[in-house]
Each structure stands twice: as C-alpha cells, then as structure tokens.
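Right under this line is the structure:
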C-alpha cells in the first residue's frame, strides 16, 4: 500500500456539461466534499436527464498512486454494477431462445458443476433451481463472497486490501464445502419470495451464457452490448488503464481479486448510455423485454434497505445497481434522471445509498 499524493488534483468537469449554474455549483460542492473525507481519494460522478438535454459529469482527486488526475472519462472498476450487464445478456438470450428463465440450471450445466451446490435441511434442491431464481436472488444459494467456514470471507480480504484470486472451480468448492444454503428455492408464481443476494448465482448465469453460446463472457458483451452501443471504455479489467482502489487513505492493488470477480471497468458516461439503452429496450428485439427487470420486488434478507427484481436493485424510488467498491448506476423514474459514479473504496458498499439522496436534491 502507498500513501496518497500530498497535492490532490482539483475538480475536472466535462466541457459539454449542460445544467443551470446553480445546479452546477451544488454538484461541485457535493463532489468536493466527498474527497474531504479522509478515506476517499477520488470521486467521479455523472447525471443526465432521460432525454440527454441536461447532463453533468466531473471528477476530483488523483486516479492512482502516480497522482494522475481523475477525469470524467477515466475508467474504474464497477464491481457488481456488472450484474446489470449480465441481466441484459440473459434477457437477450431469452429473446433468442438460447435459454428459458423457467428452465432448471441443470438443463444447461453438467452434473459435475451443479452437484451438491444446494442441499438444504437434508434435501437436494439443485434440480429445482431455475435461471429465474439465480437472476432474482431467490434460489437460496449462499454468496461465495460472504462468510465461510474455516477462512476469511472474500469481502474481508477485499476490505483489507488483500489480493486473492480464485477460479470457477474454487468458487464451487467454497459454496459446497464452506457454506450452506439459506432457504429452499422459492415459488416464483406467488406475489412475494424470500430473497438473499448471491454473487454465486450470477457467476452460474455467466457460465450458462458462455455454455449455450460457445462464446466467452467478454466476447458476448462486445458483440451484443458494448460494441453496438460504442462503449469502448467498458471492458474486462486489465485491458485499459483504470482508476486505482484505495483503503483507509492508502492505495492498494488487487488485480487477482478484481479479475476473479468477472466484473468490468467503465466510465460514468458509458454506464448512463448503457442504462438508457437497457431501460428503453433499445438493446432488445422487443422493447417490452426490459419489463422483466422490474417484474419482482423482494426485500433482500442480507441487505434489508434494498429490494430486488431481475438484476435490479430498488432504493427509495430509484432502480439500478450498486457495487461493493462504492460504485453505482441508478435511474429515478420520478425525475427521469440517470446517476452513475464511484469513489473506489474497498469498504464503500454503503456510501452510494447515503450519497444518492444528496445528488437528487442538488439536481432540483
């Protein structure tokens, strides 16, 4: 770990910003206050109206230990905001009849992968878990990032700035041998279900998509989402220089952990471009397919301030997703407003939910 630079770069705003002066002033104040907190090295924000006429983006602080300024177009690790991309690919695959949300996981993955993943109270439920369960966190599967027997959780490693890598097989071993399911797969025909956030479920979805298409996750993203939308800074980590994570005011490097997560890097502007296309249905053959994202609204047992749909978080009238490193991508239907950004903290899980109401007030 290294200490921050003594002289932090100032705020850099996008030249094309188009908001009233009073809104610009309020947003600049919010951004500067973020980096005055001891732990936050840099921050990058973007907001845009649904029609794109009003938009604002800026960044402040050093992007990394070299002191290079964080800019609005600097890519950063988006963590679980990636689940929005996975959900989009999943629904595209549904449209193409490559997968069926109501079909069991065991229809797509071999027994050596699925066996032993979900035994609850002595009963094996793996054959009852559907792709729909995985996408809505209603399967009851544990989260390989969370507490496990005999070892620190992957969240703890990340929070401590400790680099640790794993592959798909090791993730399965953690789930089978060191964790237990939380409940049986839920009846998706009822109005409400038990829901518990599980990164494991989404990793299984990625493997399903790769299996049925015979394409890598990265290639699927390029072919079906980022390429058509021109999102050239939205890629797998390591392909472009990106902002560095920090912990308690110190820079850290955790390339193995970042790579193992299967999550992406992007920019606030590109995230908003993606979200607009996702919610408007532009990336689907039938725009109505986007409605599947918000068909359900179950409270997450391990994150009770949130409700969850299909790859979709709900928070105080906002829909979208956040990431564990203080990243976010949300949309306010009431205001027709998109919000995206990052503070790149290994312990930044809760910060977006404290910040979002402030940003909404500043926009008014």
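Numbering (UniProt numbering), first residue to last: 1 to 364. Where a beta carbon is used, it is the ideal one built from N, C-alpha and C, also for glycine.
Excluding the 5 residues preceding and the 5 following residue i in the sequence, name in chain order all residues of the same chain whose CB lies nearer than 7 angstroms to its CB.
{"i": "residue 297", "result": "307, 309, 314"}
{"i": "residue 6", "result": "No answer about residue 6 holds up, because its pLDDT of 40 lies below 50 and its placement is not dependable."}
{"i": "residue 2", "result": "At residue 2, the pLDDT of 46 sits below 50, so the modelled position is not reliable; the number obtained from the coordinates is stated separately. Within the same chain, residue 2 has close Cβ partners 65, 250, 251."}
{"i": "residue 343", "result": "34, 40, 43, 326, 351"}
{"i": "residue 370", "result": "Any property of residue 370 remains undetermined from this structure, which presents the chain solely from 1 to 364."}
{"i": "residue 184", "result": "120, 125, 140"}
{"i": "residue 433", "result": "Only positions 1 to 364 of the chain appear in the structure, and residue 433 is not among them; the question remains open."}
{"i": "residue 224", "result": "89, 92"}
{"i": "residue 16", "result": "none"}
{"i": "residue 114", "result": "105, 106, 126"}
Just to confirm the assignment, what range does the beta strand (DSSP E) spanning residue i have?
{"i": "residue 206", "result": "From DSSP, residue 206 is part of no beta strand (DSSP E) but of the alpha helix (DSSP H) over 199 to 213."}
{"i": "residue 308", "result": "303 to 308"}
{"i": "residue 58", "result": "55 to 60"}
{"i": "residue 252", "result": "Segment: none, residue 252 is in no beta strand (DSSP E) and carries neither H nor E."}
{"i": "residue 411", "result": "Residue 411 falls outside the range modelled here, since the chain spans only 1 to 364, and no answer is possible."}
{"i": "residue 66", "result": "Run containing residue 66: none; DSSP gives neither H nor E here."}
{"i": "residue 323", "result": "318 to 323"}
First and last residue of the alpha helix (DSSP H) that includes residue i?
{"i": "residue 342", "result": "No alpha helix (DSSP H) contains residue 342, which is instead part of the beta strand (DSSP E) from 337 to 342."}
{"i": "residue 39", "result": "Here residue 39 belongs to no alpha helix (DSSP H), and DSSP marks it neither H nor E."}
{"i": "residue 82", "result": "82 to 95"}
{"i": "residue 258", "result": "255 to 260"}
{"i": "residue 132", "result": "131 to 136"}
{"i": "residue 356", "result": "351 to 363"}
{"i": "residue 276", "result": "268 to 279"}
{"i": "residue 218", "result": "217 to 221"}
{"i": "residue 78", "result": "From DSSP, residue 78 is part of no alpha helix (DSSP H); its letter is neither H nor E."}
{"i": "residue 114", "result": "111 to 114"}
{"i": "residue 108", "result": "Counting along the chain, residue 108 falls outside any alpha helix (DSSP H), and DSSP gives it neither H nor E."}
{"i": "residue 155", "result": "154 to 159"}
Below 8 angstroms CB to CB, which residues in the same chain sit around residue i once its five sequence neighbours on both sides are set aside?
{"i": "residue 278", "result": "84, 88, 290, 293"}
{"i": "residue 212", "result": "93, 98, 99, 108"}
{"i": "residue 237", "result": "77, 255, 258, 259, 263, 264, 265"}
{"i": "residue 167", "result": "260"}
So residue i packs on residue j, CB below 8 angstroms; how close in whole Å?
{"i": "residue 108", "j": "residue 94", "result": "Contact doesn't hold; Cβ gap of about 13 angstroms is too wide."}
{"i": "residue 331", "j": "residue 320", "result": "6 angstroms"}
{"i": "residue 205", "j": "residue 135", "result": "6 angstroms"}
{"i": "residue 138", "j": "residue 73", "result": "Not a contact, Cβ separation roughly 38 angstroms."}
{"i": "residue 269", "j": "residue 25", "result": "In fact, because the Cβ distance is near 21 angstroms, the residues do not count as touching under 8 angstroms."}
{"i": "residue 75", "j": "residue 240", "result": "5 angstroms"}
{"i": "residue 196", "j": "residue 302", "result": "5 angstroms"}
{"i": "residue 311", "j": "residue 86", "result": "6 angstroms"}
{"i": "residue 358", "j": "residue 30", "result": "6 angstroms"}
Output needed for residue i: all residues of its chain with C-beta closer than 6 angstroms, excluding positions within five of it in sequence on either side, in chain order.
{"i": "residue 348", "result": "325, 326"}
{"i": "residue 261", "result": "none"}
{"i": "residue 82", "result": "263, 264"}
{"i": "residue 198", "result": "137, 141, 143"}
{"i": "residue 154", "result": "145"}
{"i": "residue 48", "result": "55, 272, 338"}
{"i": "residue 285", "result": "95"}
{"i": "residue 300", "result": "195, 197, 306, 308"}
(request) Count the CB pairs spanning the region 265 to 280 and the region 174 to 181 that are closer than 8 angstroms, and state whether there are at least three. (result) no
(message) Any contact between the region 30 to 39 and the region 60 to 68? By contact I mean 3 or more CB pairs, one from each, below 8 angstroms.
(response) yes
(message) For the structure I just gave you, are there three or more beta carbon pairs, one from the region 244 to 251 and one from the region 122 to 138, closer than 8 angstroms?
(response) no
(message) Ignoring anything shorter than 4 residues, give me the alpha helix (DSSP H) runs that lie fully in the region 162 to 191, in order along the chain.
(response) 168 to 177
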